[in-house]
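Okay, structure first, notes after.
What follows is the structure, encoded as structure tokens:
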């Protein structure tokens with residue numbers, strides 16, 4: 038804490054950096070045999086940060102709105118109380134089901150009781166859902182927490198007056214190597230707004246963008262007062278619930294949703310809203326408004342737009358900008374909706390231009406009323422020098438509002454609320470905008486369907502357009518926008534056929550061979566050994582009682598991640614016929630056992646079993662002969678510690694107990710156990726480049742054969758497409774040349790296992806240039822596709838791809854459906870991605 042906080046302190050906003058708040062702890066709210074709230078502990082952590090130079094406010098993240106450590110609660114109190122919330126849960130298997138009473142309509146009242154003096158803060162709110170081994174997959178999670186969820190639940194937070202709002206999470210990730218825990222698999226896409234592979238094609242992304250842009254130009258929301266929700270006061274239909282947030286001259290916000298928040302039908306209604314011109318029935322010009330299914334809208338009254346005021350609008354505001362020569366306002370509504378707005382025109386301004394088949398306008402003494410219907414074609418009306426663009430929501434998704442840099446090119450723009458910006462329609466992604474002289478420069482990405490580009494709002498005096506450093510010609514529309522067509526070319530991609538690569542193979546289980554030397558492996562310690570350095574009676578793996586005569590927990594020897602290997606040496610009496618072993622690897626794990634080089638069986642694992650007893654029948658043993666039992670345990674990571682006090686992360690991986698027994702019930706002593714895991718263990722790991730979590734204890738990992746440029750001259754030819762015909766662990770590797778245009782294009786690549794064409798029970802580890810980027814398990818799933826980012830993959834050079842195939846029975850295994858796939862390329866303006874492939878193969882010191 039002391040070291041990290043000193044680094045953070047240098048990056049606080051008071052020093053010109055981006056850090057505006059500091060969260061000392063996370064969800065320290067409940068546990069086992071720990072007092073809560075735990076004020077002295079929290080205060081100790083806060084004091085550490087303060088003494089290291091943290092001066093910005095402290096904010097908490099309570100595990101739900103429990104009120105722990107709120108301002109004024111004594112020792113351990115923070116400056117700003119915050120909490121998290123995951124109201125829809127994680128039932129990705131049923132993505133259309135919204136449980137009754139899951140919408141938290143009590144947030145505001147509870148905030149007033151718990152922390153009325155601090156901004157209402159939801160520090161961690163549901164943005165997706167996790168998925169475990171055996172789950173339905175992240176596409177289902179994305180469907181569960183989709184754009185409808187964002188509309189209803191996020192706007193419900195706005196109805197509670199939230200002013201600090203963080204979503205967990207926006208961008209999905211990857212548990213490369215052994216970063217994860219057994220509750221999840223390699224992918225951590227999470228069903229988030231941005232996919233794990235960087236693609237932004239989920240509608241939720243666009244919905245969140247619309248809501249964020251609205252909040253950026255609505256500073257009146259911050260100071261508005263939250264009123265009680267009503268089914269009668271503000272509309273004519275009890276099927277609509279409306280929550281008011283009133284701010285008078287800074288705007289009033291009326292957030293509408295269906296009273297049955299999970300309803301999927303359409304509800305029609307009219308509004309009864311207080312305005313500066315009195316309470317009005319809206320639409321004033323006839324007709325009804327509608328909510329189609331799971332939707333929510335923010336209706337506005339007395340809303341300032343530059344020098345103008347919207348008396349009301351039923352359509353939602355995307356953004357507005359005041360420029361020297363005009364004000365631009367963007368309104369939008371859902372598909373097939375009637376909307377109406379009124380502009381205060383007491384100053385005498387009039388409608389000067391109309392372009393839209395459904396627009397009707399009516400001038401009154403105090404306002405001009407405009408009614409329109411949404412459709413795929415944009416409509417336009419100008420009132421005075423305010424240009425108003427009317428869109429349907431699907432069109433609004435294509436609009437971007439890149440902020441113009443402020444003085445000294447500040448990353449914060451010209452202000453935090455409603456900074457100077459341009460308004461752009463089109464492009465796959467508009468990354469940034471800047472102005473130099475009379476030239477507007479955009480950094481933009483394009484795909485094949487996003488080439489039209491329109492600059493809708495821009496400062497006066499700008500006459501030239503540059504996109505990605507190149508001048509771009511444009512024409513001017515009747516409403517003054519710039520119309521252009523980006524000149525892009527998306528290349529046809531040629532990806533290698535993985536089945537036609539030259540593959541090499543090497544045995545990754547030489548430990549079962551008679552001459553294998555395990556003398557360099559740590560020796561498992563007797564629990565009665567009096568030497569402190571070898572005494573494991575005080576193991577930190579304390580959750581399970583010690584039942585075996587020696588410690589066979591990987592963590593007792595510094596092996597915390599990845600595959601663990603154990604070799605038990607004994608002298609046979611000749612009567613042994615059964616080996617029982619109790620292994621632990623976390624949900625989804627597997628284990629296999631060999632007697633010398635003879636396979637005796639596997640625990641194939643499932644998505645629910647964390648540890649299990651297995652009993653194996655042994656062949657006839659020769660009295661007096663030395664034998665070795667080799668046990669391989671695929672650790673899926675240490676458990677996540679969800680609550681303090683339970684210490685779930687201390688559940689060990691490895692072997693809990695074992696018994697080598699005879700028919701008469703006696704047991705044979707296994708005189709020596711040897712243990713190994715990743716080379717060097719957790720503290721003295723050998724791969725300083727990729728870190729201690731990248732690899733486990735498989736032979737090829739300890740040797741470094743998964744690195745680029747392995748010594749294939751000492752391997753044999755062999756392909757994973759041909760596979761193996763028996764139980765075992767083999768490594769396959771091949772050079773993968775790529776020739777992709779990386780300088781101008783963003784091309785998501787992934788490796789895919791065809792779940793329908795494999796045979797055999799096996800698990801595979803995918804290595805790309807030394808990084809483990811996939812753990813694939815047959816019959817458990819759900820993941821079959823493994824994105825590998827540019828930077829790990831060399832897109833215009835040679836790569837090394839490796840597959841560990843662990844066949845769990847003697848039917849063998851192969852991977853005929855293993856392919857390399859490319860997503861839709863995007864012509865991108867992003868910064869060049871540097872390779873992080875690390876060193877090539879060399880003999881690793883200490884390898885055994």
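In the working numbering, the protein residues as written are 38 to 885.
Where a beta carbon is used, it is the ideal one built from N, C-alpha and C, also for glycine.
What does the Cβ neighbour count give for residue i, buried or exposed, with the cut at 16 atoms within 10 Å?
| i | result |
| --- | --- |
| residue 38 | exposed |
| residue 704 | exposed |
| residue 720 | exposed |
| residue 474 | exposed |
| residue 728 | exposed |
| residue 851 | buried |
| residue 415 | buried |
| residue 358 | buried |
| residue 866 | buried |
| residue 526 | exposed |
| residue 352 | buried |
| residue 569 | In this prediction, residue 569 has a pLDDT of 33, which is less than 50 and means its spatial position is unreliable; what the coordinates show is noted afterwards. Exposed, by the Cβ-count rule. |
| residue 656 | exposed |
| residue 71 | exposed |
| residue 390 | exposed |
| residue 557 | exposed |
With DSSP as the reference, identify every bridge partner of residue i, one or two as the case may be.
| i | result |
| --- | --- |
| residue 285 | According to DSSP, residue 285 bridges with nothing at all. |
| residue 808 | 805 |
| residue 522 | 489 |
| residue 508 | 503 |
| residue 629 | 639, 669 |
| residue 483 | 864 |
| residue 358 | 365 |
| residue 649 | 620 |
| residue 773 | 836 |
| residue 305 | 327 |
| residue 594 | In DSSP, residue 594 forms no bridge with anything. |
| residue 322 | The partner list for residue 322 (beta bridge, DSSP) is empty, contrary to what the question assumes. |
| residue 295 | 277 |
Apart from the five residues just before and just after residue i, which ones in its own chain have a Cβ nearer than 7 Å to its Cβ?
| i | result |
| --- | --- |
| residue 132 | 177, 180, 181 |
| residue 876 | 726, 744 |
| residue 383 | 403 |
| residue 778 | 528 |
| residue 231 | 207, 208, 209, 237, 242 |
| residue 44 | none |
| residue 244 | 184, 187, 188 |
| residue 868 | none |
| residue 765 | 546, 844 |
Could you give the residue range of the beta strand (DSSP E) that holds residue i?
| i | result |
| --- | --- |
| residue 233 | Run containing residue 233: none; DSSP gives neither H nor E here. |
| residue 40 | Careful: residue 40 lies outside any beta strand (DSSP E), inside the alpha helix (DSSP H) at 39 to 46. |
| residue 160 | 158 to 163 |
| residue 379 | 375 to 381 |
| residue 65 | Per DSSP, residue 65 belongs to no beta strand (DSSP E) and is neither H nor E. |
| residue 390 | 388 to 392 |
Tell me which same chain residues have a C-beta within less than 6 Å of the C-beta of residue i, skipping the five on either side of it?
| i | result |
| --- | --- |
| residue 422 | 363 |
| residue 791 | 854 |
| residue 543 | 752, 768 |
| residue 32 | Nothing can be reported for residue 32: it is not among the residues displayed for the chain, which extend from 38 to 885. |
| residue 895 | As displayed, the chain neither begins before 38 nor continues past 885, which places residue 895 out of reach and without an answer. |
| residue 486 | none |
Could you give the residue range of the alpha helix (DSSP H) that holds residue i?
| i | result |
| --- | --- |
| residue 759 | Run containing residue 759: none; DSSP gives neither H nor E here. |
| residue 82 | 76 to 88 |
| residue 851 | From DSSP, residue 851 is part of no alpha helix (DSSP H); its letter is neither H nor E. |
I'd like the list of long-range same chain contacts for residue i, defined as Cβ closer than 8 Å, with 5 residues on each side in sequence excluded.
| i | result |
| --- | --- |
| residue 513 | 519, 520 |
| residue 101 | 66, 120, 121, 122 |
| residue 28 | Past the boundaries of the shown model lies residue 28; the chain is included only from 38 to 885, so the question cannot be answered. |
| residue 309 | 270, 271, 272, 273, 316, 317, 318, 319 |
| residue 560 | 709, 710, 711, 712 |
Taking 7 Å as the cut-off, is the CB of residue i close to at least one heavy atom of the ligand SAH?
| i | result |
| --- | --- |
| residue 255 | Although the ligand SAH was asked about, the structure shown includes no ligands whatsoever. |
Report task. Could I get the ranges of all uninterrupted alpha helix (DSSP H) runs contained in the segment 170 to 252, with 4 residues as the minimum, in chain order? Result -> 175 to 181, 192 to 196
Report task. Can you check the segment 674 to 754 for any beta strand (DSSP E) of at least 3 residues that lies completely inside it and give the ranges in chain order? Result -> 691 to 698, 709 to 713
Report task. Identify every run of the alpha helix (DSSP H) within the segment 257 to 283, keeping only runs that are complete inside it and at least 4 residues long; order them along the chain. Result -> 257 to 260
Query - beta strand (DSSP E) segments (min. 3 residues) lying fully within the segment 421 to 475 - result: 423 to 429, 460 to 463, 466 to 473
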